[in-house]
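In what follows, a structure is listed as structure tokens, so that the remarks can point back to it.
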Amino acid sequence: MVQSPQAYYVPAQSYWPIIGAIGLFGTLGGTALLLYSLQQEQASLLAQIMLFSGILILAGMLIGWFAAVIAESRKGLYSPQLDLSFRYSMSWFIFSEVMFFFAFFGALFYIRVFAVPWLGGEGDKGLANMLWPDFTAVWPLLEAPNTDQFRPIKAIIDPWHIPLLNTILLVASSFTLLAAHKFLKKGNRPKVKLWLGITIALGLSFLTLQIFEYFEAYNELNLTLESGIYGATFFLLTGFHGAHVTIGSIILMVLLLRVYQGHFTGEKHFAFEAGAWYWHFVDVVWILLFTTVYIL
Amino acid sequence: MRQLLQLICSALVLSPGTSVALEFNMPAGVTQTSQSIYGLHMTIFYICLVIAIVVFGVMFWSIFHHRKSKGAKASQFHGSVLVEIIWTIIPIVILVAMAVPATKTLVDMYDTSESDIDIQVTGHQWKWHYKYIGEDLGFFSILATSKEEIENRKKKNPNYLLEVDNPLVVPINKKIRFLFTSNDVIHAWWVPDLAIKKDAVPGFINESWTRIDKPGTYRGQCAELCGMHHAFMPIEVKAVSEDDYALWLDEQKALKQAEAASTELEWSQEQLMTAGAKIYEKNCAVCHQADGSGIPQAFPALNGSPIALGPKADHMAIVIQGRLEKGMPAFGEQLSAVDIAAVITYERNSWDNKTGDKVTPAEVQAVMEKQ
Amino acid sequence: MSEHMDTAHHGPAKGWTRWILTTNHKDIGTLYLVFSLIMLFVGGSMAFVIRAELFQPGLQLVVPEFFNQMTTMHGLIMVFGAVMPAFVGLANWQVPLMIGAPDMALPRLNNWSFWILPFAFAMLLSTLFMAGGAPDFGWTFYAPLSTTYAPPSVTFFIFAIHMMGISSIMGAINIIVTIFNMRAPGMKMMDLPLFVWTWLITAFLLIAVMPVLAAVVTMMLMDVHFGTSFFNAAGGGDPVLFQHVFWFFAHPEVYIMVLPAFGVVSQIVPTFSRKPLFGYHSMVYATAAIAVMSFIVWAHHMFTVGMPLTGELFFMYTTMLIAVPTGVKVFNWVSTMFKGSMTFETPMLFAIAFIVLFTIGGLSGLMLAIAPADFQYHDTYFVVAHFHYVLVPGSVFGIIAGVYYWLPKWCGKMYNEKLGQLHFWLSFIGVNLTFFPMHFVGLAGMPRRIPDYALQFADFNMITSLGAFLFGTTQLLFVYIIIKTVRSGKAAEQLPWDGAKGLEWSVPTPAPYHTFSTPPVVGEK
Ligand code: HEA
Ligand code: HEA
Ligand code: CUA
Ligand SMILES: [Cu+2]
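Protein chains in written order, with my numbering: chain A, 155 to 450; chain B, 216 to 586; chain C, 7 to 531.
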């Protein structure tokens, strides 16, 4: 049936959502069951099966659903209005991610400005130091108030080595992505592939270095999740950021694949832009992170 | 009007046995702070009442007069900037009027300086510890209501759930500063008559102060959900004259010395068992249950427990040091050597546990001193 | 998959797969509403257990640990399972109808948002059968009671919350996009009906704070399983940090639970007063003001936690200020009724009760906001009374009013007005009998979350319990009315309420499966 350009595309029934719900349940329920069973000191097989199949279903759903959307889009079913819907959704989704990180940054702020100084005897509630007479407040916190439970850190990560390098990599990747976008608009596809490829390479190098840094933290610096609040906030923020870089890289790879497939035109390439927004968002988070977690 | 209605209803439903005077308002209390809070509460309540009467008055008047069945014709006006501004400004003015006295009271409540007596209050699951700073005196305060009353097997006494074994004793007319903290989860120390409610947060210290005008017994409860027995950790404060307070202090110190001396005494198996049963009932039964059966997944059974049947040293170790991260308190800090010896002896020889062992206070003392 | 092209102009698919695979906003709206009704009864049964135990002093029916699980699950299920999905259901049905859109902007995502919920609640409810019991740390799950000292089922609780969060965020994105992008040509933002406006702002709140909830449960998960110390002073963290992050979510959350009800009431009152809403613009601005301010008042739940004085004062002042925009709304409703030509069908009765009882709840909220006085109120039944007044005759009455109001349009049948009125009066009496005496026991000193209490609280507790049984069983009547209407109600007219205005009434009754396939034109007056 021919659609008038004004009509809004309302898909009929779809299997993907319910598959997605099952997949999500498998993934999260499986994780919960696994952690639960580990707490009882026996890794449950059921949990592993559930988790594994959950992830598979979820991945299958994402691939299938996106494939369907891409196919519909390429069939020309989507009006400019729908395109705008996608844009709004993506921006609000990124806003929700911003709030997720906002909570973590807020926690870091609270810990540094209030909790740790109080425990160390400074500020309005410094009386708390009565309970931790051996504790002094410094940041980064090398020694937690209770050093039996939380093992001290030997040294902190020097921001001017790997982290600085990583900053340069990520900031550069934002620019290379901008370049790719520019060439996409101009229709220069070989250049798009080149710059997008470079962006992905930069992202992956970032991740490699990050893994290396974690490795060093655990093995040499004794900076771990269990080493008190400094380690906890460090891994929480960098870890979730790293997870987002991973997702971002996967998105960019899919985009590259689609460019190779001949998708996108100079005017219509919302998926590309959405991926780019996400990537820039991840980059901005890193810059905040680099200043507040590593430098300050 | 509604209150009246409610009162009548309750009078009708009232079963004759349980009658204790009906209370439906905040107590004015026995300190300056509590009285100014009571004043604030009443003022704001009356303001709210007036607002409610005006707003509902207009509404019900319209409902009554402007109904279709009375032939009311709808006007079509739908806004007036002037009115909107008026009813934005009036509430702001009212709020400012409320904020001024509230701020004053709050500032005063936060002034903990120049206290005469400092008491550290530590919340434990599910009891309070009071330490008189500078006096070398500290003790636990545990619910005194019997299980029979709670389980409806005995008539409830008027202080049901609000009575403890060792009340906190303080003098009147002195500025008392409280330092609140906790040993495990967050609790909140609340005595309505003193208008003190402060959370006891593990690892941190909160402060409050009071100066009591009138001698008497003031009761309160833990006010922050702290687990299973949150309903059963009351507070009892006995405010006495300064002289009585001094006497009481001396008495307590003498008691403490006698207790220390008893570690040296020779204790027979029977003595330890009887003492142990009491201590078990008071300190351990909340978690491990009176019959030693525990609660699955939360608190291990002691009846047949490998630790209670195994080497004495392990048993002493867990009771003295606890396993805080799992929820087992360190009783070395809470009980005397005699008590610990008694309770361990009791656990090793009760229910189906028949080790025949005896753990002496001296043995426990030795372990405790090693730490 | 079956994404065939001819989307418009055919009815619903046959069989039960219709409900699982549907992308139709009306189907999904129905699913949400039915789900929420079931959850209301699950959560209500738990309230029954609570009230039965509290009928008399002493422990008689349940052990304390189970009581705590009931309190916790009751709160969680009512908030996340009953009230929130009910409003999403209303939004699904009404927002497209009221703005002249063919459907929600992202229909498949809409289906996903819903179908995550049954799984999430299955997970949450399954904890009741686990060794060690369900979560027992209150719906506010303060650390360290919910971390170090939690039952093992806490892990499932955390992931269930994650799933609810994902569902809510996607649902909210969908609603925002629908409102921004799918309005009928010519309909400007300031032409939006108030229900749509309030939901737009609610959706914004949801997107802003659900991620914060996700963040806080994530930190809990780390503390429970990975040895971190966010909420543990021994490692340099702070249990109070948990409360700050939690309430940063949970205060806006309480407005999430009431703003759509404001919207419903703002639709109903003009209809039955046969008079335009007074102060449309100020209603919109007031709603927005409430939403913005809700981000800076969170610590009024933490007055006794030992914040520094400046913090106490700041949060006291900001909290008090929220009374101003809320007052504007109340005054506007009253002025709408003033000089109207009122009739009192069931939706209007619930709406009026909403205004009166919500205001009572709001005024007690204002008393709680007075920090020094809150030292006496906090964690007592006075607080329980406050929030049930704003939630039960507030949010829940708002939902019920909306259901009665739009039901004729949804199913083409009219409910029985006599039964509706009976339902209203029994609910009204029941709700006040239940929650009004809670003010008294709270002031007299009864803490919340306790299975047993001192003797002086006995009489009022008995009244409360009786009221609760009355109110609860009355809701069975509600279910009966709905079922009876849907199956054998009298046919409803196209415009069942003579004062009703708006696009939703322009479609036939019952609303066809697909509406506004060609957009209506709005605007030229
Ligand atoms: C729908 C949900 C909802 C709503 C709308 C509100 C609205 C308000 N709430 Fe409530 N609240 C809860 C749900 C809600 N609350 C819940 C669930 C809890 C407990 C959580 C827990 O601990 O489990 C809670 C707890 C709570 C506390 C913490 C108490 C404590 O634990 O110690 C406080 C303290 O300030 C508070 C204040 C307020 C205020 C000031 C408002 C204001 O928005 C009210 C504004 C309305 C009015 C004031 C009435 C109308 C106005 C007029 C007629 C104008 C004229 C008025 C004046 C000038 C005074 N609430
Ligand atoms: C929107 C939210 C909402 C709603 C609708 C309700 C509804 C009710 N609540 Fe709820 N309540 C909360 C939110 C809500 N509550 C929250 C957030 C808490 C705090 C939790 C915490 O402290 O952590 C709380 C806590 C709370 C307490 C305090 C518990 C405590 O501190 O220990 C009590 C006590 O009376 C209570 C009672 C009731 C009653 C009687 C109803 C009634 O309105 C319920 C009406 C019942 C029904 C509509 C269904 C009726 C069911 C049937 C008819 C089925 C019949 C079944 C049998 C006979 C088994 N609630
Ligand atoms: Cu301690 Cu509640
Ligand atoms: Cu609040």
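Every residue gets a Cβ at the ideal spot worked out from N, C-alpha and C, and that includes glycine.
Looking at chain C, is there any beta carbon in it that lies within less than 8 Å of the beta carbon of residue i?
i: residue 132 of chain A; result: Outside the displayed range of chain A (155 to 450) lies residue 132 of chain A, so it cannot be described from this structure.
i: residue 254 of chain A; result: yes
i: residue 341 of chain A; result: no
i: residue 460 of chain B; result: no
i: residue 229 of chain B; result: Confidence is the limiting factor: at residue 229 of chain B the pLDDT is only 42, short of 50, which leaves the residue's position unreliable and the question unanswerable from this model.
i: residue 414 of chain B; result: yes
i: residue 220 of chain A; result: no
i: residue 232 of chain A; result: no
i: residue 238 of chain A; result: yes
i: residue 227 of chain A; result: no
i: residue 500 of chain B; result: no
For a contact meaning CB atoms closer than 8 Å, what does residue i contact in chain B?
i: residue 366 of chain C; result: 267
i: residue 285 of chain A; result: 396, 418, 419, 420
DSSP three-state label for residue i, please.
i: residue 291 of chain B; result: coil
i: residue 504 of chain C; result: coil
i: residue 465 of chain C; result: helix
i: residue 368 of chain B; result: coil
i: residue 308 of chain B; result: helix
i: residue 353 of chain B; result: strand
i: residue 479 of chain B; result: coil
i: residue 191 of chain C; result: coil
i: residue 431 of chain B; result: strand
i: residue 421 of chain B; result: strand
i: residue 170 of chain A; result: helix
i: residue 452 of chain B; result: strand
i: residue 12 of chain C; result: Note that residue 12 of chain C scores 43 on pLDDT, short of 50, meaning its location in the model is unreliable and no value can be drawn from it.
Counting only beta-carbon separations shorter than 8 Å, does residue i have a partner in chain B?
i: residue 282 of chain A; result: yes
i: residue 293 of chain A; result: no
i: residue 272 of chain A; result: yes
i: residue 423 of chain C; result: no
i: residue 531 of chain C; result: At residue 531 of chain C, the pLDDT of 41 sits below 50, so the modelled position is not reliable; the number obtained from the coordinates is stated separately. Cβ-Cβ to chain B under 8 Å: no for residue 531 of chain C.
Since residue i and residue j are thought to touch, with beta carbons under 8 Å apart, how far apart are those beta carbons, to the nearest angstrom?
i: residue 77 of chain C; j: residue 56 of chain C; result: 6 Å
i: residue 450 of chain B; j: residue 384 of chain B; result: With 8 Å as the limit, residue 450 of chain B and residue 384 of chain B do not qualify as a contact, their Cβ atoms being about 12 Å apart.
i: residue 487 of chain B; j: residue 432 of chain B; result: Actually they do not touch by this definition, with Cβ atoms about 34 Å apart.
i: residue 459 of chain C; j: residue 468 of chain C; result: No, residue 459 of chain C and residue 468 of chain C are not in contact; Cβ-Cβ is about 11 Å, not under 8 Å.
i: residue 413 of chain C; j: residue 491 of chain C; result: 6 Å
i: residue 82 of chain C; j: residue 22 of chain C; result: No, residue 82 of chain C and residue 22 of chain C are not in contact; Cβ-Cβ is about 29 Å, not under 8 Å.
i: residue 307 of chain A; j: residue 384 of chain A; result: 7 Å
Against residue i, what residues of chain C qualify as contacts under a CB-to-CB distance less than 7 Å, listed in chain order?
i: residue 380 of chain A; result: 233
i: residue 433 of chain A; result: Result: empty, since nearest Cβ-Cβ is about 19 Å, beyond 7 Å.
i: residue 270 of chain B; result: 336, 340, 365
In chain B, which residues lie with their C-beta within 7 Å of the C-beta of residue i?
i: residue 3 of chain C; result: With chain C represented from 7 up to 531, any question about residue 3 of chain C goes unanswered, as that position is not in the structure.
i: residue 458 of chain C; result: 365, 376, 446
State yes or no: is the beta carbon of residue i nearer than 8 Å to at least one beta carbon in chain A?
i: residue 420 of chain B; result: yes
i: residue 352 of chain B; result: no
i: residue 217 of chain B; result: In this predicted model, residue 217 of chain B has a pLDDT of only 48, less than 50, meaning its place in the structure is not dependable; the value taken from the coordinates is given anyway. False, the Cβ-Cβ gap to chain A never drops below 8 Å.
i: residue 307 of chain C; result: no
Residue i touches chain A at which residues, Cβ-Cβ below 9 Å?
i: residue 175 of chain C; result: 246, 247, 250
Please compile the residues from chain C whose C-beta is within a distance smaller than 9 Å of the C-beta of residue i.
i: residue 201 of chain A; result: What residue 201 of chain A touches in chain C: nothing, since even the nearest Cβ is about 11 Å away.
Which bits of chain B does residue i rub up against, with CB to CB less than 9 Å?
i: residue 279 of chain A; result: 419, 420, 421, 422
Test item, CB below 6 Å from any non-hydrogen atom of ligand 4: C:257, C:260, C:306, C:307
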